[in-house]
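Protein chains in written order, with this note's numbering: chain U, 3 to 132; chain E, 3 to 132.
All residues carry an ideal CB built from backbone N, CA and C; glycine is no exception.
Protein chains: 2
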Amino acid sequence: MTHQTVSHPARPGLPDDPRANVPAPTPSCPVEITLAALHGRWTTLVIREFLKGDHTFSELREALPDLSDKVLSDRLAHLTNAGILTRHREPGWPPRVHYTLTPHGRSLGPVLQALWDWGSTAPTRHPEDG
Amino acid sequence: MTHQTVSHPARPGLPDDPRANVPAPTPSCPVEITLAALHGRWTTLVIREFLKGDHTFSELREALPDLSDKVLSDRLAHLTNAGILTRHREPGWPPRVHYTLTPHGRSLGPVLQALWDWGSTAPTRHPEDG
DNA sequence: CTGAATCCCTGCCGATACTG
DNA sequence: CAGTATCGGCAGGGATTCAG
Chain U
3 MTHQTVSHPA
13 RPGLPDDPRA
23 NVPAPTPSCP
33 VEITLAALHG
43 RWTTLVIREF
53 LKGDHTFSEL
63 REALPDLSDK
73 VLSDRLAHLT
83 NAGILTRHRE
93 PGWPPRVHYT
103 LTPHGRSLGP
113 VLQALWDWGS
123 TAPTRHPEDG
Chain E
3 MTHQTVSHPA
13 RPGLPDDPRA
23 NVPAPTPSCP
33 VEITLAALHG
43 RWTTLVIREF
53 LKGDHTFSEL
63 REALPDLSDK
73 VLSDRLAHLT
83 NAGILTRHRE
93 PGWPPRVHYT
103 LTPHGRSLGP
113 VLQALWDWGS
123 TAPTRHPEDG
């Protein structure tokens, strides 16, 4: 599709939705939901691997050698829980677990694209402040 | 603008840019740059206030009563440092500091919109896992 | 009024060792 | 092979207090 049919408010980023009028960060805010899904180191890189195709645990380990087993396991559980991945354990030996991107997970593509686009147009960087 | 003129790769979220082939999370990745800009609790809500218009320190305190002075100060410094806000100290008394969104900061609108849109289409939520 | 300094508590991430 | 259990370091964020 080339264009979304959801109602576009006059000012981008300011949807006229009741959930937008929040006095504090709340998990029910859609923006927070997305940031929570992407939360954590390595998470976006893991999603990026899945945008190329599905993987098993070992394949991911090869693709991201600096990522420890524990954190990889955490990320996969987190993303599965968020409805971004589905887990499929293949019977037999050796045990192999296959992870696949759900349609909802694949729809993260444009989101990552938006993040990439903005980050590519950075003006002047100020290294301090962290 | 209604439409971006940057080259769109065949698969969204998978730009054919050398910076995309990273073996580990690195600050030079545009996605990481954007996530770093939005990083921290309250950050997106502060940006949201500025999408409505510029504010002083006190006005922000009124708009976000549950946000402590220290964290507000941290966020403003962070966003100023990231080129999203500009700081203007008005002479005279009482001291007032005016913060304004830069063009680069205003261009975060579509990014927040993308985050909102994806978070609005969440399928089934699994409360566990945090 | 604006914002920096300090203290404490919590949660993330990495490394290692262990289990089905 | 694919995880879980545990521990330690470190950075984030809230409350309070102090300064320009």
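Going by C-alpha positions, U:L47 is about 8 Å away from E:A26. Interface flag for U:G121 against chain E is set, since a Cβ pair is found closer than 8 Å.
Residue environment analysis places U:E34 among the buried positions, since at least 16 neighbouring C-beta atoms fall within 10 angstroms of its C-beta. Comparing C-alpha distances from E:T82 to each of E:A39, E:D19, E:R21, E:V24 shows the shortest one belongs to E:A39. For the region 76-105 of chain U, residues whose beta-carbon sits nearer than 7 Å to a beta-carbon of chain E comprise A79, H80, N83, G85. E:L53 sits away from U:T36, with the two beta carbons spaced by 8 Å or more.
Scanning chain U for C-beta atoms nearer than 9 Å to the C-beta of E:L66 yields P25, A26, reported in chain order.
Between U:R91 and U:V99 a beta carbon distance of about 5 Å is seen, short of the 8 Å cut, so the two are scored as contacting.
Each residue's CA atom was taken as its position, placing U:R89 and U:D56 some 10 Å apart. For E:L66, there is no enclosing beta strand (DSSP E), as DSSP marks it with neither H nor E. Non-local beta-carbon contacts of E:L66 in its own chain, meaning distances under 8 Å to residues more than five positions away in sequence, involve W44, L47, V48, E51, L74 in chain order.
For E:L74, the closest Cβ of chain U is not nearer than 8 Å. Interface with chain U (8 Å Cβ-Cβ cutoff): E:V113 is included. Straight-line spacing of the CA atoms in E:A84 and E:T102 works out to 13 Å. Nearest CB-CB separation between E:L62 and chain U: not below the 8 Å threshold.
Beta bridge pairing from DSSP links E:V99 with E:R91. When the five nearest sequence neighbours on each side are left out, the beta carbons in the same chain lying within less than 7 Å of the beta carbon of E:V113 are those of T36, in order along the chain.
For E:L47, the enclosing alpha helix (DSSP H) begins and ends at 45-54. As the crow flies, the alpha-carbon of E:R63 is around 7 Å from that of E:L69. The beta-carbon separation of U:W120 and E:L110, rounded to 6 Å, stays under the 8 Å limit for a contact.
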